[in-house]
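Residue numbers (the numbering used here): -10 to 366.
Listed below in structure tokens is the structure:
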């Protein structure tokens, strides 16, 4: 296998919302919804009183008596009618329905431990250390991936993906072993959810077969694969492109990922050093139609060549719309120390690149951990 993991940690915050990025450490849980009912409706307006009745019409003058001097006096006016009673107040409006309850699940820490020989155990823990679930897998090269507030167990050798519930229990299995016909190995490396798609889609980089698998998470099935093998470098003797490190960009509706394009055929005795054969690439997929986005303008191909070689970790900073890519580097012919290693900062608005960090020495840098004040490598 091209990658093995001894212990991997993944932090999952279970909320109903979604973020614009996929950080290594999950954010805080969402606020609980209000459980009280809505405000009562206003009372109805009082009815208006009835109008006063008109006075009765006066009686007609009496007819003059026979031989009398004058007619009788006119009758007096009738009394005014009394006012009608006021209308009763309208009934109060009914109370609004109760607000939806907030998310009650606590954050989970997922830990995978392997003996590199027979099995992997994946354990879900609350932050107080309480174990909520455990999953034993026969594949010793198994890891945990978290995306869109969901967790997945990935068996890389057998190419099986297990969606996990809030407590870390497996809810099913998606078999990717035949995703790319005639491939000797698939080696799924990650699961990234494209929030807002219907049905809900996830993308899985297949490291060995050079494809992206597209999953229907609602149906629990493999929909198709996207072929990336055409991006192999002619000088790369192993012919692989090694897709990896994907994340979802909701503002652009894209899945971003890397193609390492490392030449494993150069890791030979006596030094077992990876040669600097090809440039690694940044790629993007439009999740609306799964088309590859052209990132390099008028240059050949669609991928953006990175400043460094061999990506090992990525982080997106929404504050400055910048993607940070950590790479482990490679060896030029006859060199005793690595080159083309460090942190590549890519401004996604215009795809400009700078070298944010160029480490000294020959260390193998594998993980970029991010917090508000600093990045840890």
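All C-beta atoms in this analysis are idealised placements derived from N, C-alpha and C, irrespective of residue type, glycine included. No experiment lies behind these values; they were computed from the predicted model shown.
Residue i - DSSP class collapsed to helix/strand/coil
i: residue 253; result: helix
i: residue 109; result: strand
i: residue 219; result: helix
i: residue 138; result: coil
i: residue 160; result: coil
i: residue 264; result: strand
i: residue 22; result: Low local confidence applies: a pLDDT of 37 at residue 22 is under 50, so the model's placement there is unreliable, with the coordinate-based value given in what follows. DSSP places residue 22 in coil when its eight states are reduced to three.
i: residue 348; result: coil
i: residue 273; result: strand
i: residue 212; result: strand
i: residue 259; result: coil
i: residue 187; result: coil
i: residue 294; result: strand
i: residue 86; result: Caution applies to residue 86, whose pLDDT of 42 falls short of 50 and renders its modelled position unreliable; the value that the coordinates give is listed next. Here residue 86 sits in coil by DSSP.
i: residue 173; result: coil
i: residue 358; result: strand
i: residue 287; result: coil
i: residue 328; result: strand
Bridge-paired residues (DSSP) for residue i
i: residue 366; result: Residue 366 is not bridged to any residue.
i: residue 131; result: 144
i: residue 343; result: 334
i: residue 237; result: 244
i: residue 181; result: 192
i: residue 202; result: 193, 214
i: residue 280; result: 275
i: residue 353; result: BP columns for residue 353 are empty, so no partner.
Proximity of residue i and residue j at Cβ, strictly below 9 Å
i: residue 125; j: residue 111; result: yes
i: residue 277; j: residue 248; result: no
i: residue 209; j: residue 163; result: yes
i: residue 172; j: residue 197; result: yes
i: residue 235; j: residue 284; result: no
i: residue 398; j: residue 275; result: Absent from the model: residue 398. The displayed extent of the chain is -10 to 366, so no value can be given.
i: residue 359; j: residue 297; result: no
i: residue 242; j: residue 185; result: yes
i: residue 266; j: residue 222; result: yes
Alpha-carbon to alpha-carbon, residue j and residue i
i: residue 203; j: residue 346; result: 34 Å
i: residue 224; j: residue 158; result: 45 Å
i: residue 213; j: residue 97; result: 31 Å
i: residue 95; j: residue 137; result: 15 Å
i: residue 316; j: residue 183; result: 25 Å
i: residue 167; j: residue 100; result: 28 Å
i: residue 258; j: residue 351; result: 19 Å
i: residue 207; j: residue 191; result: 10 Å
i: residue 338; j: residue 307; result: 11 Å
i: residue 160; j: residue 323; result: 51 Å
i: residue 133; j: residue 176; result: 14 Å
i: residue 135; j: residue 326; result: 34 Å
i: residue 18; j: residue 240; result: Residue placement at residue 18 is flagged as unreliable, the pLDDT there being 36, under the threshold of 50; a coordinate-derived value is accordingly withheld.
i: residue 301; j: residue 193; result: 16 Å
i: residue 150; j: residue 313; result: 27 Å
i: residue 256; j: residue 244; result: 31 Å
i: residue 216; j: residue 102; result: 32 Å
i: residue 333; j: residue 187; result: 34 Å
i: residue 16; j: residue 114; result: Per-residue confidence for residue 16 stands at a pLDDT of 36, beneath the threshold of 50, marking its modelled position as unreliable; no derived number is given.
i: residue 165; j: residue 211; result: 7 Å
i: residue 145; j: residue 232; result: 14 Å
i: residue 354; j: residue 122; result: 32 Å
i: residue 273; j: residue 104; result: 35 Å
i: residue 237; j: residue 141; result: 16 Å
i: residue 366; j: residue 356; result: 6 Å
i: residue 181; j: residue 205; result: 12 Å
i: residue 329; j: residue 336; result: 19 Å
i: residue 294; j: residue 130; result: 30 Å
Enclosing beta strand (DSSP E) for residue i [first to last residue]
i: residue 152; result: 149 to 153
i: residue 241; result: Run containing residue 241: none; DSSP gives neither H nor E here.
i: residue 125; result: 120 to 126
i: residue 302; result: 300 to 306
i: residue 316; result: 311 to 316
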